[in-house]
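> Residue numbers (my numbering): 5 to 449.
Cβ atoms here follow ideal geometry from the backbone N, Cα and C, with glycine treated the same way.
Below is a structure I'd like to ask you about.
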């Protein structure tokens, strides 16, 4: 690749990896000029990038702003505080996300799904619900295929996009047919300037949506969604007409729309109370899309969830082992804890991303048999727990699982809900969850 070449009306792509390469493929399809930047000396996907743009300028670690750049397309992992983005703003250059480009080009309706927790599960549920109802559907974004790669496929009836706060922060135009915000709790404070900025990014999902699905426990979301043409709410309480919630009838709890009982909670394949909320949110979005209810309910009976999200691993010695490695922030771990009935042994720890662990301490009060802590912020979590229950420290997942098994009593649950990112010990939360599963499987031998 050229080290000096510069062109007028050129896009500067900041950050490679999966999204950066999808942006490169998109620009290639549009025969656009591009310069590529990454802070790493050997970023992933260099070989593919060279095939796509053999003559393009590649800047590795060079944070000077190239001449001739008309627009900056930033990958989600690049924070607004990055030197290149600061220089671009000073020059009043347009800075966009891949989702902005998707929304400008897509000719088909799309659903935008976001939230601090649960968005991958709901995105997947909606995808299966749409397909079960006979709609050609593509899903991606923050989950699975990058959004711009979806545009290279034959256009479906509907897209379902999972969106992160990073993507929403840089997306001004998002005319979703349905916008869905599951919940908002402090997260990614190592990326966003503060909690207010993080929340503002999440609520942006409603700004141009035709219809909205809203957690009725969130007053701010209710206010922001009021501008949408139609609003449907969900929650764990009994719903008003045309909204979704939980209704108890003769001692049995049901997912319901108004007074209409849809599905007994015990028939839901997903585990945990927070997944009841996820199911209700997906039903609300499906209703707004006009999906057949019986098809949606069949998906809820069959879909047991994604790996590393309250995944049942095994029952060994009358103890259940649950993998929720995707609980990478405090709110997600609290939801995990609240979904477990009875006493539990908690495995937690990693990189806390500036999170406040006091809420986790409150959630486990009265139901903690013991805690096994791992990773960089183990001591910080231990101070927050401040409990008379045993707290152990482990230097590996295998050791952590063995310690947890020793703590657990009959009918307890050993729960991996880290409340932290994994990058101090693992490549990602999936690798951490796989290590937990392997360690649990090792208990059988």
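Is it true that the CB of residue 16 sits closer than 9 Å to the CB of residue 103?
Here residue 103 refers to the residue found at position 99 of the chain shown. Here residue 16 refers to the residue found at position 12 of the chain shown. No. Outside cutoff.
> Is the stretch 231-244 close to the stretch 204-223, with three or more CB pairs under 8 Å?
Yes: the two stretches touch, three or more of their Cβ pairs being nearer than 8 Å.
> Taking all protein chains shown into account, do 16 or more other C-beta atoms lie within 10 angstroms of the C-beta of residue 429, making it buried, or fewer, making it exposed?
Counting from one through the chain shown, the residue named residue 429 turns up at place 425. When all chains shown are included, residue 429 counts as buried.
> If you count every other CB in all the chains shown that lies within 10 Å of the CB of residue 392, and 16 or more means buried, which is it?
Along the chain shown, one-based indexing puts residue 392 at 388. With fewer than 16 other Cβ atoms within 10 Å, it is exposed.
> Give me the Cα-Cα distance between residue 109 and residue 158, rounded to the nearest whole angstrom.
By one-based count along the chain shown, residue 109 stands at place 105. By one-based count along the chain shown, residue 158 stands at place 154. Near 14 Å, if we compare the C-alpha coordinates of residue 158 and residue 109.
> For the stretch 211-294, list the alpha helix (DSSP H) runs that are entirely contained and at least 4 residues long, ordered along the chain.
Runs found: 223-229 and 277-293.
> How would you label residue 168, buried or exposed, when you count the other beta carbons within 10 angstroms and need 16 or more for buried?
By one-based count along the chain shown, residue 168 stands at place 164. Buried: at least 16 other Cβ atoms inside 10 Å.
> What three-state label does DSSP hand residue 170 in the structure shown?
Residue 170 sits at position 166 when you count from the first residue of the chain shown. Helix.
> Quick one: what does DSSP say residue 149 is sitting in, helix, strand or coil?
As a working note, residue 149 is residue 145 in the chain shown. Three-state DSSP puts residue 149 in a strand.
> Span of the alpha helix (DSSP H) holding residue 23?
In the chain shown, the residue the question calls residue 23 occupies position 19. Here the alpha helix (DSSP H) through residue 23 covers 21-33.
> Here's the rule I'm using: 16 or more other beta-carbon atoms within 10 Å means buried, otherwise exposed. How should residue 79 be labelled?
Within the chain shown, the letter at position 75 stands for residue 79. Result: buried.
> With DSSP collapsed to three states, give me the class of residue 372.
The residue labelled residue 372 in the question sits at position 368 within the chain shown. DSSP places residue 372 in strand when its eight states are reduced to three.
> For the alpha helix (DSSP H) that residue 14 lies in, which residues bound it at each end?
Taking the first residue of the chain shown as 1, we reach residue 14 at position 10. That residue, residue 14, is in no alpha helix (DSSP H); its beta strand (DSSP E) goes 14-18.
> Ignore the nearest five residues each way along the sequence and tell me which others in residue 400's own chain have a CB closer than 7 Å to its CB.
Position 396 of the chain shown, counting from 1, holds the residue named residue 400. Excluding sequence neighbours, residue 400 sits near nothing in its chain.
> In this structure, does DSSP put residue 413 in helix, strand or coil?
Taking the chain shown and counting its residues from 1, one reaches residue 413 at position 409. Three-state DSSP puts residue 413 in coil, outside helix and strand.
> Which runs of the alpha helix (DSSP H) fall wholly inside the stretch 373-440 and span at least 4 residues, in chain order?
Whole alpha helix (DSSP H) segments, 4+ residues: 382-389 and 401-411.
> Could you give the DSSP three-state label for residue 64: helix, strand or coil?
The residue you call residue 64 lines up with position 60 of the chain shown. DSSP places residue 64 in strand when its eight states are reduced to three.
> Return the chain-ordered list of same chain residues with a C-beta closer than 6 Å to the C-beta of residue 69, the five sequence neighbours on each side being excluded.
On the chain shown, position 65 is the one that residue 69 refers to. Taken in chain order, the residues that qualify are 91.
> Start and end of the alpha helix (DSSP H) containing residue 126?
What you label residue 126 is simply residue 122 of the chain shown in a count that begins at 1. 123-136 is the span of the alpha helix (DSSP H), which, as asked, contains residue 126.
> If you compare alpha carbons, which of 249, 270, 206 and 261 is closest to residue 255?
Sequence index remark: in the chain shown, residue 255 carries index 251 (1-based). It is 270.
> Does the beta-carbon of residue 117 have 16 or more other beta-carbons within 10 angstroms, so that it is buried, or is it exposed?
For the purposes of this step, residue 117 is taken as residue 113 along the chain shown, with counting starting at 1. So residue 117 ends up on the buried side.
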